[in-house]
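K.L.:
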Amino acid sequence: MRLPRSLHWRIAAAYTALLFVTMGAVSAYLIDFVHDRFVEDLQDRLAREAALVGQTPGIFDPDAATAEAVSAFAGSVNGRVTVVDAAGEVVADSSGPVGPVARVDPEFSEALMGRASGVVRADESLGGEELRYATVPVEVGGDLAGAVRVGVPTSSVTERVNRIIITVTAAGAAVALASVALGWYLARRTTRSVLAVTAGARRLASGDLDHRVPAIGTDESRDLAIAFNRMARTIRWTVTALEGERAKLSAVLDTMDDGVVVADSDGAVTLVNPAAVEMLGEPSRGAVGGRLSGAVWDHDLVRLVREAVESGEPRYGEVSLSHSKRTVSAVATPVRQGDGGSVLLTLHDLTRRRLVDTTRREFVSNVSHELRSPLASMKAMVETLQAGAGEDRAKASEFLGRIDGEIDRMTALVAELLELSRLEGGQVEMDAEPFDLAPVVAEVVGRLGHRAQASGVSIESGLPDGLPRPFGEAAKISQVLFNLVDNALRFTPEGGSVRIDAEVADGFVEVTVADTGSGIEPEHLPHLFERFYKVDRSRSGGGIGLGLAIARHIVMAHGGDVSVSSEPGLGASFSFTVPIARDAGPNAPLKPR
1 MRLPRSLHWR IAAAYTALLF VTMGAVSAYL IDFVHDRFVE DLQDRLAREA ALVGQTPGIF
61 DPDAATAEAV SAFAGSVNGR VTVVDAAGEV VADSSGPVGP VARVDPEFSE ALMGRASGVV
121 RADESLGGEE LRYATVPVEV GGDLAGAVRV GVPTSSVTER VNRIIITVTA AGAAVALASV
181 ALGWYLARRT TRSVLAVTAG ARRLASGDLD HRVPAIGTDE SRDLAIAFNR MARTIRWTVT
241 ALEGERAKLS AVLDTMDDGV VVADSDGAVT LVNPAAVEML GEPSRGAVGG RLSGAVWDHD
301 LVRLVREAVE SGEPRYGEVS LSHSKRTVSA VATPVRQGDG GSVLLTLHDL TRRRLVDTTR
361 REFVSNVSHE LRSPLASMKA MVETLQAGAG EDRAKASEFL GRIDGEIDRM TALVAELLEL
421 SRLEGGQVEM DAEPFDLAPV VAEVVGRLGH RAQASGVSIE SGLPDGLPRP FGEAAKISQV
481 LFNLVDNALR FTPEGGSVRI DAEVADGFVE VTVADTGSGI EPEHLPHLFE RFYKVDRSRS
541 GGGIGLGLAI ARHIVMAHGG DVSVSSEPGL GASFSFTVPI ARDAGPNAPL KPR
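In terms of my numbering, the sequence shown opens at residue 1 and continues consecutively.
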């Protein structure tokens, strides 16, 4: 990974600038200090050399030896040496005339008064060259013998000082460059972990939760990298846990039967599960992000949510949805979240329960009617017989026959109820074997032929030749077919027809009973095979609504299925399937599913 350099470059630049300023100030101070110390040392050296010259025996005797000695001293110091006696007379001068002119130089006046001095001035005898002088008084035997002045050209001093300055500058530059390199290295090493953590934070923010940064650099930056990696692991674990919980919640919401709608405090929908979409209808599709009033068109639900938000308490209600024609139990619950909040709307579908309640009431009413009518008839006939009609043998025989018929009718009703109960409880086993379908169809047509003729309805059969033998219990299949044809005859008007067909479909024999009756409304189709269900308005008639339920359970016990299709005014078509016989032997039992 290539780390961005801006941070350590800025640190290195700041460090370099500070270093150069510091080194410049130190160098200037050192140069000035070295210059001053050099000049002081030079001045002291000149004074010592002048004192050393003054201690030379016979130095104040004006002779050739003195002049040679002075010249030798001047050559050794590469400068000018002047000796003056106590009277101010120049005894010897390495570059000037001998005479009393020395008294005009202020330093000699100072020296002859016993005070050493040092001056810098141009020397005319040397062509105006500037010299630095040191003049000291010399005593011999306790008496002032004279003064000695030693001078060197300032150019030699400047040259030496410049060499020192160049040396100091070069050393400072070398130290500065080394310090810059060291500073850059330390800055890069120090900031590398910071930059790595910065890059890691960007990758973490972009979703790469598995990224980790190397622990390098100083102790502090290494601790930063370790802390970042620990934080990244914690975030990864937290996000994984949240994703798992979210997946579980999503699975629960997607599969639960209750509808769930969540909206924030501003009324914007944030969640709608499939059950809510099914209950609320088309307006709720794609409702997330939209307004609650746009997803829920029912005024009572919107009012329930508004009351919950205003009161801060849950609100309950039972609402009939106009779009989906469902009855739901609705609960609006405010959910506090910091300064804001949201509202949770849960919908429990009561439609099936209401339908079951209605069906049960209708069943009780139908059973009561079916039982009350024959019981009332039998009671009237018994009372008639008791009143003396029993003396009339013909009348008594008629009444007893009618009573027997009513008893048979009630017995058949109770038998249907018991059979449906056993089928629903899985207590019936089918004695299945291969059988021919044509005789079963012919038997049912024969049993219902007189009734169809009396109603002015024709029964037609269109079984194809070579139809495979189905595998099942012929008597039970005959009962299924009888119930379907009986149901079709009941709701087919005079002049209509009922047709029985069969075909092979995916290893099954599919039998279809189609009529030209009044048809069935679409909302009733899913419930036709439920027990006790009757379509009162469009297909009213006798019976208590058990025939189709019994037929469905018998077919399912054979491993088949039932279906219905219809359009109002165009009749209805009921179909059921029975598996085709393969290698199964006779009397092989089939257990209901």
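Note that beta-carbon positions come from the ideal geometry of N, C-alpha and C, so glycine has one too.
His450 by DSSP, collapsed to three states: which one?
P.N.:
Of the three classes helix, strand and coil, the one that applies to His450 here is helix, per DSSP.
K.L.:
Does the distance from the C-beta atom of Ser563 to that of Ile500 stay below 8 Å?
P.N.:
Not a contact, by the Cβ cut-off of 8 Å.
K.L.:
Going straight from the alpha carbon of Val197 to that of Val239, what length do you get?
P.N.:
Those two C-alpha atoms are separated by around 20 Å.
K.L.:
For Ala170, is the classification buried or exposed, using 16 other Cβ atoms within 10 angstroms of its Cβ as the cut-off for buried?
P.N.:
Exposed is the call here.
K.L.:
Since I believe Thr327 is in contact with Glu318 (beta carbons under 8 Å), could you give me their beta-carbon distance rounded to a whole number of angstroms?
P.N.:
Yes, Glu318 and Thr327 are in contact; Cβ-Cβ is about 7 Å, under 8 Å.
K.L.:
Pull up the CB-CB distance for Phe435 and Ala389, whole angstroms please, since I reckon it's below 8 Å.
P.N.:
So it is not a contact: roughly 49 Å between Cβ atoms.
K.L.:
When you compare only the Cα positions, how much space is there between Ile403 and Arg469?
P.N.:
Cα-Cα distance, rounded: 43 Å.
K.L.:
Measure the C-alpha to C-alpha separation of Gly559 and Val480 and round it to an integer number of angstroms.
P.N.:
Gly559 and Val480: Cα-Cα distance of roughly 14 Å.
K.L.:
So, for Ser497: in the same chain, excluding its five sequence neighbours on each side, which residues have a beta-carbon less than 8 Å away from its beta-carbon?
P.N.:
Hits under 8 Å: Val457, Ser458, Ile459, Glu460, Asp515 and Thr516.
K.L.:
Asp486 and Leu448 look like a contact to me (Cβ under 8 Å); what is the Cβ gap, rounded to whole Å?
P.N.:
Between Leu448 and Asp486 the Cβ distance is about 6 Å, and since that is below 8 Å, they are a contact.
K.L.:
Taking the alpha helix (DSSP H) that Ile627 falls in, what are its first and last residues?
P.N.:
With the chain represented from 1 up to 593, any question about residue 627 goes unanswered, as that position is not in the structure.
K.L.:
In chain order, what residues of the same chain lie with their CB nearer than 6 Å to the CB of Thr333, ignoring the 5 residues before and after it?
P.N.:
Answer for Thr333: Pro314 and Leu344, listed in chain order.
K.L.:
Kindly list the residues whose CB is nearer than 6 Å to the CB of Pro439, restricted to its own chain and excluding five residues on each side of it in sequence; keep chain order.
P.N.:
Nothing meets the Cβ criterion.
K.L.:
Does Arg103 come out as helix, strand or coil in the three-state DSSP assignment?
P.N.:
The pLDDT assigned to Arg103 is 49, lower than 50, so where the model puts this residue is not dependable; a value taken from the coordinates is nonetheless given after this. In the structure shown, Arg103 sits in a helix (DSSP, three-state: H, G or I).
K.L.:
Quick check on the burial criterion: 16 or more other C-beta atoms within 10 angstroms. Buried or exposed for Pro137?
P.N.:
Pro137 comes out buried.
K.L.:
Taking all protein chains shown into account, decide if Thr82 is buried (16 or more other Cβ within 10 angstroms of its Cβ) or exposed.
P.N.:
Flag for Thr82 reads buried.
K.L.:
Which residue or residues does DSSP assign as beta-bridge partners of Ser497?
P.N.:
The partner list for Ser497 (beta bridge, DSSP) reads Ser458.
K.L.:
Can you give me the C-alpha to C-alpha distance between Ser565 and Ser478, rounded to a whole angstrom?
P.N.:
So the two alpha carbons sit approximately 21 Å from each other.
K.L.:
Buried or exposed: where does Asn162 fall if 16 or more other Cβ atoms within 10 Å of its Cβ makes it buried?
P.N.:
Classification of Asn162: exposed, given that the 10 Å Cβ count is below 16.
K.L.:
Can you find the residues in the same chain that come closer than 8 Å, C-beta to C-beta, to Ala551, ignoring five residues on each side of it along the sequence?
P.N.:
Contacts found: Gln479, Val480, Asn483, Leu484, Phe529, Val562 and Phe576.
K.L.:
I'd like the list of long-range same chain contacts for His348, defined as Cβ closer than 7 Å, with 5 residues on each side in sequence excluded.
P.N.:
Same-chain partners within the cutoff: Asp258, Val328 and Ser329.
K.L.:
Return the first residue and the last residue of the alpha helix (DSSP H) that Met279 is part of.
P.N.:
Residues Pro274 to Leu280.
K.L.:
Starting from Ala86, trace the alpha helix (DSSP H) both ways and give me its first and last residue.
P.N.:
Premise fails: Ala86 is in no alpha helix (DSSP H) and is neither H nor E.
K.L.:
Taking one C-beta from the region 164-180 and one from the region 196-212 each time, how about it: are there three or more such pairs within less than 8 Å?
P.N.:
Flag = no, the region 164-180 and the region 196-212 do not touch.
K.L.:
Taking the alpha carbon of Val335 as the point to measure from, which residue in Gly507, Arg353, Ala308 and Val356 has its own alpha carbon closest?
P.N.:
If we check each option's Cα against that of Val335, Ala308 comes out closest.
K.L.:
Between which residues of its own chain and Ile407 is the CB-CB distance below 8 Å, once the five residues before and five after are set aside?
P.N.:
For Ile407, where only same-chain residues beyond five positions count, the Cβ hits under 8 Å are Pro374 and Met378.
K.L.:
Quick check: the Cα distance between Ala17 and His35, rounded to an integer number of angstroms?
P.N.:
Their Cα atoms are separated by approximately 27 Å.
K.L.:
Under the rule that 16 or more other beta-carbon atoms within 10 Å means buried, what is Gly446, buried or exposed?
P.N.:
With fewer than 16 Cβ atoms within 10 Å of its Cβ, Gly446 is classed as exposed.
K.L.:
Give the DSSP bridge partners of Val269, in chain order.
P.N.:
DSSP output for Val269 lists Ala263 as bridge partner(s).
K.L.:
Select from Ala92, Asp93, Ala87 and Ala122 the residue whose C-alpha is nearest the C-alpha of Met113.
P.N.:
Taking only the C-alpha atoms, the option nearest Met113 is Ala87.
K.L.:
Look at the Cβ atom of Arg132, then the Cβ atom of Thr154, and state whether they are nearer than 8 Å.
P.N.:
Going by C-beta atoms, Arg132 is nearer than 8 Å to Thr154.
K.L.:
Can you tell me whether Val26 is buried or exposed? The criterion is at least 16 other CB atoms within 10 Å of its CB, across all chains shown.
P.N.:
That one is exposed.
K.L.:
Under the rule that 16 or more other beta-carbon atoms within 10 Å means buried, what is Thr270, buried or exposed?
P.N.:
Flag for Thr270 reads exposed.
K.L.:
The alpha helix (DSSP H) that contains Phe482, what's its start and end?
P.N.:
Residues Ala474 to Arg490.
K.L.:
Taking the continuous beta strand (DSSP E) assigned at Val309, which residues delimit it?
P.N.:
Here Val309 belongs to no beta strand (DSSP E); instead the alpha helix (DSSP H) covers His299 to Ser311.
K.L.:
With the cut-off set at 8 Å, would you say Ser117 and Thr135 are in Cβ contact?
P.N.:
Yes, these two residues count as a Cβ contact at 8 Å.
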